[in-house]
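Those protein sequence lines, which keep their order, are chains A and B.
Note that my numbering gives residue 80 to position 73 of the first sequence, counting from 1, and the numbers run on in steps of one.
Note that my numbering gives residue 712 to position 624 of the second sequence, counting from 1, and the numbers run on in steps of one.
Beta carbons are placed, not taken as given, at the ideal position from N, Cα and C, and that holds for glycine.
Each remark here refers to the structure printed beneath this line.
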Amino acid sequence: MGEEGEFRLEREPYYRPLHGEVELFEAAWRNRVPVLLKGPTGCGKTRFVEYMAWRLGRPLVTVSCHDDLTAADLAGRYLVSAGETVWVDGPMTRAVRLGAILYLDEIVEARKDTTVVIHPLADDRRALLLEKRGEVLHAPPEFMLAISYNPGYQSVLKELKQSTRQRFVAIDFDYPAPEAEAAIVARESGTDAATAQALVRLAQLTRNLKGNGLDEGASTRLLVHAGKLIAQGVAPRAACEGAIALALSDEREMLAALDELVSSVF
Amino acid sequence: MSSSARYSEAAPGAAEPPLGAAELERRLEELVGAVLSSRRTAAGISQALSASSRELQDFVLQWAAVTAKSSPELAFQFCGLAPRAVGELGYAGAERWLLAAIDLYDREGLHRAAAELKDLAAFVERAREGAWGVEFGAVAGVLETFVAGLAGRRLKLAPAELAWTDGATVYLPRRVALFASRAQNFRVYKASAALLWAQTRFGSFALAPADYPDAPRELELLALLEALRLAARLEHDLPGLYRDLEALSQPAPGAEFGPARERLRAPGATVADSLAALRELPASARAPDWPFLGALDPARALAARDERIARDKQALRAALERWREERGDEGLPPLDGASLASGAAAAPGEVKRLVESLLQDLGELPEDCLAPARESAEQAAAEPPETEDDAHALRYDEWDHRRGHYRKDWCLLRERDVNPGDPAFVAAALERYRPQIRQLKRSFEALRGEDRRLRGEPCGEDVDLDALVRARAELAAGGELDERLFVRRARHARDMVALFVVDMSGSTKGWINDCERHALVLLCEALEALGDRYAIYGFSGLTRKRCEVYRVKRFDEPYGAAVRERIAGIQALDYTRMGAAIRHLSRILAREPARTRLLLTLSDGKPDDFSDGYRGEYGIEDTRRALIEARRAGIHPFCITIDREASDYLPHMYGAASYTVVADVARLPTRLAELYRRLTA
């Protein structure tokens, strides 16, 4: 099936297992239970799902949720073409038909009514109701739903409803332990081990500031960005300022403090 | 509150004629009448001022009003000196001169403040030197964040004559002007802060008091040896910081320090090595005078440490007890010091923090803090008898964390109206923040929710039948098929109510109260543009029988003159018994029909009350409980605090994701509305 091909991962994505999450995900997949990935931004949730899709040999359909994402965007809609109305599957319908892993990234960003359409898919019915077509689509055994969610957001509108979250097996993600994180940064950015370690140290310093002026500390992803710049020959301090400090804050005082932390580490 | 712009803004007013001596005297008497008498009048000052420009007169009157809130005496003295100060320093400089004196007044009282004010020449001198000198106040924010980043235990920063630390507060000099460049002077501040942080982090005070010398010369040398040891300790993890310290370690210590240096570079060197090295130094050894070195005061640091250990132990016992309760006994791993210390036990953040703090002080966890907390003795304060009036008050439960259950109907709460204040206050705030208000209104208008069905869209949830019929007809008539045939629903409406709770406790007196009121004015203006339903209440109280909640704006009241006057009338009253106020206001908020209910509290620090042991942990736990109750009732609480001191207890009290600290009070007015926007966007 040609369509399936476009959702297949061709190469093994790099992922370093941390604490049994791979086994948990596999067990959930075998038992057809959907999974909720919790954790701060940029700690490897998306990469994990990619890795699992590759490992389980399933196609992966990823949807990055945003606040204008409607139920129709996910399920599908009629389009008009050459005087005919033609039904076009949305990513969710397509994933169900393919028996893929459907990954809804940052689910809380989507409109509240949208999260409700995943409910029948996420419990033991495992069905998708296509209201407009009057069709009920039953998910094949290989299909799996995974959603991600960052509990650290300070917005009352970005909380996951109990009725949604209680359908999932949750896997908690956090930044990896320092040695593991340094290995990941070195491997992903191509920088040397010493620089990677320094970057991880810097990240820990910024994570100490969470709740003290920063909403989040530097994520592994930001470290990889900084590492890539450094590997390209950008001076470490400039790289950290651009890839980490300015990405974390706009406030002058905070930027000055971050700059002092950067210059302490390098 | 830099406001040189304000006086130039008032420039059209400069065309206004200067005030006469009589009018000036009348106004001054209004402001500082309290310190005037028949022998000491404002006549002389008024006479002198009457010859000045209207702009200068306005400046003096305005700042005299501000100063008089703290001290009429200081305000009176200011009036006499102001014309000369403005002449020498300009408006902005004179403002700084006065603010420095008010600051001193808050810290050290009238005597020092008045002396500071009078010593204009010294201030002018410093202002010149200030071109490169760096003040504590200018770097405190950055350094506090910097030190928080280095982490370990949270440290407070405070100004003092010398740089030193007691292990909880890092004291830094009020001013550093050693080098002829601001950057260099800042480096000195940073190096001092980092060194003092390292002293607390790497156990400079880990030994018994008797182990430390007490002769000044020996302490000086020990400070140097510790600096050598700590710098070496930082070299691996923080090489940049190490280089900064090295660069400032001039002149290099003499050859007699060679062996000590070698010894203290060893990876596992402790303060005991520094003391051993101290004993081996020849009597002739002199510590070089490094600018960042500061002083070592083991006696005070150790006293503070003992206090802290006792406090931490008790808190840890209580925290472990709560943890046991939450998880049930069977779910809990066996509690031993080793698993807690290694972090193997997945402990709550509060436990982790206390364990970390104790480990830092003691190196290990003492067994006695793992034992369950005993019920602490009930303090049986004699209560005043109930009065008739008490029977009409509302009654609220209060959470007693030591007993682990509620005290029934413990707090008596009354609703009152705020007495109207001066409408001119709001008018002045509107004038002063005009540009910010305009900007806030624009950004809030953009948030305004609209629930519209857009027809004739190229895509959408449903087919637009009208458009389809029309299109088919056109097609049949030989036209082109229009593709815009769908109905799309645009953004759902904001269905949100918010209740703002303002701290009216005594500790908000002065600046904080002014900023709170300004913040409310800006907030109301912005919210009117947005259209969310909102209410504002204040709270204060004195003992459990006098919890008071003040109505500023009810939900069903429009934002009009009455509300504005009440905002102006918000004053600093008594204490902060937060729990009862939160419970009462949650109840009011829960009655409002809306999908999202937001309870925002604005306070300046810990919950506190005059008696019943509400101060400290009890109050924190009760407030936390009240917030949890609110959350259960479907309310989203969010707390804004202006407490820049110890934010240790904040995550526990408020819940990690639902509070924020506004460090700079002056920024509160704009921050409050911004925060609301971010919270609800």
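Query, Result
"Could you check the C-alpha separation between B/Ala623 and B/Ala721 for me, to the nearest Å?", "18 Å"
"Please state the DSSP three-state secondary structure of B/Pro261.", "strand"
"I want to verify the contact list: residues of chain B whose CB lies under 8 Å from the CB of A/Phe273, in sequence order.", "Pro327 and Gly328"
"B/Leu333 and B/Leu283 - do their beta-carbons sit closer together than 8 Å?", "yes"
"Distance, Cα to Cα, A/Lys139 vs A/Ala79?", "9 Å"
"Quick one: measure Cβ to Cβ for A/Leu144 and A/Val103, integer angstroms, because I've assumed they're closer than 8 Å.", "5 Å"
"Using only alpha-carbon positions, find the residue among A/Gly240, A/Ala200, A/Arg133 and A/Glu186 that is nearest to A/Gly149.", "Here residue 149 of chain A is Glu; the residue named in the question, Gly, does not match the sequence. That would be A/Arg133, whose Cα lies nearest to the Cα of A/Glu149."
"Suppose only complete runs of 3+ residues qualify. What are the beta strand (DSSP E) ranges in the stretch 48–101 of chain A, listed by chain order?", "67–71, 83–88 and 91–96"
"On the three-state DSSP scale, how would you describe B/Glu503?", "strand"
"Assign B/Trp563 to buried or exposed, taking buried as 16 or more other Cβ atoms, counted over all protein chains shown, within 10 Å of its Cβ.", "As written in the sequence, residue 563 of chain B is Leu, which differs from the Trp given in the question. B/Leu563 is exposed by the Cβ-count criterion."
"Can you give me the Cβ contacts of A/Leu212 inside the same chain, cut-off strictly under 6 Å, excluding the 5 residues immediately before and after it?", "Leu268"
"Since B/Leu500 and B/Arg321 should fall inside the 8 Å C-beta cutoff, what is the C-beta to C-beta distance between them, to a whole number of angstroms?", "B/Leu500 to B/Arg321, Cβ: 56 Å. No contact."
"Using C-beta distances below 7 Å, list every residue in its chain close to B/Glu471, excluding the 5 sequence neighbours before and after it, in chain order.", "In this prediction, B/Glu471 has a pLDDT of 43, which is less than 50 and means its spatial position is unreliable; nothing more can be read from the coordinates."
"When you compare the stretch 242–255 of chain B with the stretch 350–359 of chain B, are there three or more beta-carbon pairs, one atom per stretch, that lie closer than 8 Å?", "no"
"Consider the Cβ of A/Leu268: report whether some Cβ of chain B lies at a distance smaller than 8 Å.", "yes"
"When the cut-off is 8 Å and only beta carbons count, does A/Met261 lie next to chain B?", "yes"
"Looking at chain B, is there any beta carbon in it that lies within less than 8 Å of the beta carbon of A/Ala60?", "no"
"Can you check whether the C-beta of A/Arg172 is within less than 8 Å of a C-beta belonging to chain B?", "no"
"Output, in chain order, the set of chain B residues within a Cβ distance shorter than 7 Å of A/Ala264.", "Val230, Thr233, Phe234 and Gly237"
"Could you tell me which chain A residues have their CB closer than 7 Å to the CB of B/Val551, listed as they occur along the chain?", "Tyr85"
"Identify the residues that DSSP records as bridge partners of B/Asp591: which are they?", "B/Phe627"
"Does the beta carbon of B/Glu762 sit closer than 8 Å to a beta carbon anywhere in chain A?", "no"
"Roughly how many angstroms lie between the CA atoms of B/Arg543 and B/Arg560, to the nearest whole one?", "16 Å"
"Answer yes if the stretch 387–405 of chain B comes into contact with the stretch 357–377 of chain B, meaning at least three C-beta pairs across the two stretches below 8 Å, and no otherwise.", "no"
"Comparing the C-beta of B/Leu610 with each C-beta of chain A, is any distance below 8 Å?", "no"
"Give me the Cβ distance between A/Val176 and A/Val40, rounded to the nearest whole Å; I'm assuming they're in contact under 8 Å.", "5 Å"
"Hey, is A/Asn157's beta-carbon within less than 8 Å of any beta-carbon in chain B?", "no"
"Quick one: Cα of B/Ala682 to Cα of A/Ala34, how far?", "41 Å"
"Taking C-alpha atoms, which residue in B/Phe267, B/Val359, B/Gly342 and B/Lys278 lies nearest to B/Leu307?", "B/Val359"
"Counting only the same chain and skipping the five closest in sequence on each side, list residues whose C-beta sits under 8 Å from that of B/Arg522.", "none"
"Quick one: grab the DSSP three-state call for B/Ser464.", "Note on B/Ser464: pLDDT 37, under 50, position unreliable in the model; no value is reported."
"Under 8 Å, CB to CB, which of the residues in the stretch 264–280 of chain B have a partner in chain A?", "Lys278"
"Run through DSSP, which three-state label would B/Leu518 get?", "helix"
"Which residue from B/Gln659, B/Gly657 and B/Asp620 puts its Cα closest to that of B/Pro646?", "B/Asp620"
"Consider the Cβ of B/Leu615: report whether some Cβ of chain A lies at a distance smaller than 8 Å.", "no"
"Can you list, in chain order, the residues of its chain whose CB lies under 6 Å from that of B/Val651, leaving out five sequence neighbours each side?", "Lys641"
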